[in-house]
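S.K.: In the numbering used here, the protein residues as written are 1194 to 1758.
1. Output needed for residue 1328: all residues of its chain with C-beta closer than 6 Å, excluding positions within five of it in sequence on either side, in chain order.
2. Drop a sphere of 10 angstroms on the beta-carbon of residue 1585, count the other beta-carbons inside from all chains shown, and report buried for 16 or more, exposed for fewer.
3. Can you tell me the Cα-Cα spacing of residue 1332 and residue 1362, whole angstroms?
4. Determine the contact status of residue 1594 and residue 1629, defining contact as a CB-CB distance below 8 Å.
5. Looking at the structure shown, is residue 1349 part of a helix, part of a strand, or coil, going by DSSP?
6. Considering only their Cβ atoms, is the gap separating residue 1652 from residue 1579 smaller than 8 Å?
7. State buried or exposed for residue 1316, treating a residue as buried only when at least 16 other CB atoms are found within 10 Å of its CB.
8. Closer than 8 Å, CB to CB, is residue 1605 near chain D or not?
9. Are there 16 or more other CB atoms within 10 angstroms of the CB of residue 1551, so buried, or fewer, so exposed?
10. What are the start and end residues of the alpha helix (DSSP H) that includes residue 1524?
11. Which residue wins for smallest C-alpha separation from residue 1666, given the options 1659, 1511, 1648 and 1654?
12. Are the beta-carbon atoms of residue 1699 and residue 1643 separated by less than 8 Å?
13. If you draw a straight line from the alpha carbon of residue 1382 to that of residue 1520, how long is it in whole angstroms?
14. At 3 residues or longer, and completely inside the region 1639-1669: list those beta strand (DSSP E) runs for me, N to C.
15. Hey, residue 1533 and residue 1376: beta-carbon distance below 8 Å or not?
16. Do the region 1391-1406 and the region 1455-1470 make contact, defined as three or more Cβ pairs closer than 8 Å?
17. Buried or exposed, going by whether 16 or more other CB atoms sit within 10 Å of the CB of residue 1741?
18. Specify whether the region 1466-1484 and the region 1569-1579 touch according to this definition: at least 3 beta carbon pairs, one from each stretch, less than 8 Å apart.
19. Tell me the residue span of the beta strand (DSSP E) that contains residue 1335.
20. Could you please give me the residues that DSSP links to residue 1473 through a beta bridge?
21. Thinking C-alpha only, which one of 1404, 1258 and 1245 is nearest residue 1488?
22. Would you identify the three-state DSSP class for residue 1721, choosing helix, strand or coil?
23. Straight-line CA distance for residue 1731 to residue 1518?
24. Expressed to the nearest angstrom, what Euclidean distance is found between the alpha-carbon atoms of residue 1601 and residue 1385?
25. In the DSSP assignment, find the beta strand (DSSP E) that holds residue 1683 and state where it starts and stops.
26. Per DSSP, residue 1494 is paired with what?
27. Give me the residue from 1397, 1348, 1524 and 1291 with the minimum Cα distance to residue 1689.
28. Let me know the secondary structure DSSP gives residue 1742 once reduced to three states.
29. Which of helix, strand or coil does DSSP assign to residue 1378?
30. DSSP three-state call for residue 1372: helix, strand or coil?
31. Rounded to whole angstroms, what is the Cα-Cα separation between residue 1371 and residue 1670?
32. Measuring alpha carbon to alpha carbon, tell me which of 1306, 1378 and 1704 ends up nearest residue 1515.
33. Would you mind working out which of 1506, 1304, 1346 and 1450 sits nearest residue 1378, comparing C-alpha positions?
34. What do you reckon, are the CB atoms on residue 1566 and residue 1686 nearer than 8 Å?
35. Taking all protein chains shown into account, do 16 or more other C-beta atoms lie within 10 angstroms of the C-beta of residue 1144, making it buried, or fewer, making it exposed?
36. Could you give the C-beta distance for residue 1535 and residue 1492, rounded to a whole number, given that I count them as a contact under 8 Å?
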């Protein structure tokens, strides 16, 4: 039988497996209990020690029943804050400034609400009509979030209070949150309002006075033009020969006969692209800034370039084609474009009504009909709203023409009048009027984007489609969305304020440089003459040699001699 011999280390290991070491096991178990937790920095060993001390100190009649109570009381003692060290806690200045702004805004709205509650019994019909109507953003944002779109709840509540603050401080009758536009340095919160009747009439009067040309300025301009023409005629009519040789007169600088076409006039406040008044602010709690009305040249220029917002309303907009205005004008132009293309609603939610009322027709006689909420709207089912043809969704804002207006302005009348005044037989070519889709046009007529539909519809839930919120997102303006649920609908924009661009987009090229002067002998370029050419020119143009001077006596003697001969 073979015998096995164990070495000393192997013998020790074998004996350890047979006989346990109580001291080592106790130390390892104690170390396990002394491991500290990450949240409180305490260990189970210390917690059990405190429980045992409490039990021995108080000696309860039933230790097993009060064990958990002692454990809970010890944990609460450790979680109590130490208020003696709060004097060393400092609030960051940014958070403190934000809290002060919001506190002022909240106090203003609270005081306004208290006054409304106190005067609720004594309100008459006129006071109720002057009170601004603020759209319930909290409810609409809740419906948006059911479909995966919208704002955070904390930010939504602050925006809602800011809208009520705007309604309390400015002469507006309706207030609606248009959206949030991101910027490179700061963001814009944009509110859409309707002004009161008195404020709107005042703005219309100011607009009419501004559009009328001043007689003094026109007279001064005419006098300057007459003086310039008289000076030009004097230069051309000088025919007297100077007594001394002077260098030849240079030809007059050619003047271009091209005149820029008259820019389309801006639409009046309360009509077309200026139907709504928009307000913007960078931070909630700051005063709302009223954005100016948009002009047609600004809309035409904004369509030709891509530029992100900076967050500064006074920032210069350096682009091509050139934009006339600062960032506040550019922001207003982008808001008008987004509103015209992305404000949609289910069919039947808005209606024209009679459509033949006096306020629905502008001063020029062109139709400027507006839509109103249909009180008998019953809603649509989810299947119809999710239809890919989008025939159950319509636009309820005016389409902006290429001219930069919603109502086409006829420049032909001005051209005909000018031709008649100048008695010119050549009549300028007539421009064809622009047309666009009318109000409440179905979304099925929108153009596609590179084999992609202009809109995408989805339901907020697949488990209960009958009660799901239908969300419609724009692919033409990323960030624009609208929802429909039961008899409610709303639009909102949260994005960079930029239109969809294809991956191979390239900015427009600069135009070719135009010729400043026509090619002719006066301005024709030629090579500089060499020294030999100049010397030959000088010799060829030398004055003739003077004839020799003959004395009077010498001439008579020569004549006499010839006679004698």
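Where a beta carbon is used, it is the ideal one built from N, C-alpha and C, also for glycine.
M.R.: Let's see:
1. 1369
2. buried
3. Taking the straight line from one Cα to the other gives about 24 Å.
4. yes
5. Annotated three-state conformation of residue 1349 is helix, per DSSP.
6. yes
7. Bear in mind that the predicted position of residue 1316 carries a pLDDT of just 43, short of 50, making it unreliable; the figure below should be weighed with that in mind. Of the residues assessed, residue 1316 falls on the exposed side of the cut-off, its CB having fewer than 16 other CB atoms within 10 angstroms.
8. You won't find chain D in this structure, because it holds only one protein chain.
9. Confidence at residue 1551 is low in this model, with a pLDDT of 39, below 50, so its placement is unreliable and no value can be given for it.
10. 1520-1535
11. 1648
12. no
13. 14 Å
14. 1648-1652 and 1663-1667
15. Residue 1533 is not a Cβ neighbour of residue 1376, given a cutoff of 8 Å.
16. The region 1391-1406 is in contact with the region 1455-1470.
17. exposed
18. no
19. Counting along the chain, residue 1335 falls outside any beta strand (DSSP E), though it belongs to the alpha helix (DSSP H) covering 1330-1339.
20. 1383 and 1482
21. 1404
22. coil
23. 60 Å
24. 25 Å
25. Taken as a continuous stretch (DSSP letters only), the beta strand (DSSP E) holding residue 1683 covers 1681-1688.
26. Under the DSSP definition of a beta bridge, residue 1494 lacks any partner.
27. 1524
28. The three-state reading of DSSP puts residue 1742 in coil, since its state is none of H, G, I, E or B.
29. coil
30. strand
31. 14 Å
32. Proximity to residue 1515 across 1306, 1378 and 1704 peaks at 1704, based on C-alpha coordinates.
33. Residue 1506 is the option with its Cα nearest to residue 1378.
34. no
35. Because residue 1144 is not part of the residues shown, which for the chain are 1194 to 1758, the question remains open.
36. Wrong, their Cβ atoms sit about 16 Å apart, outside the cutoff.
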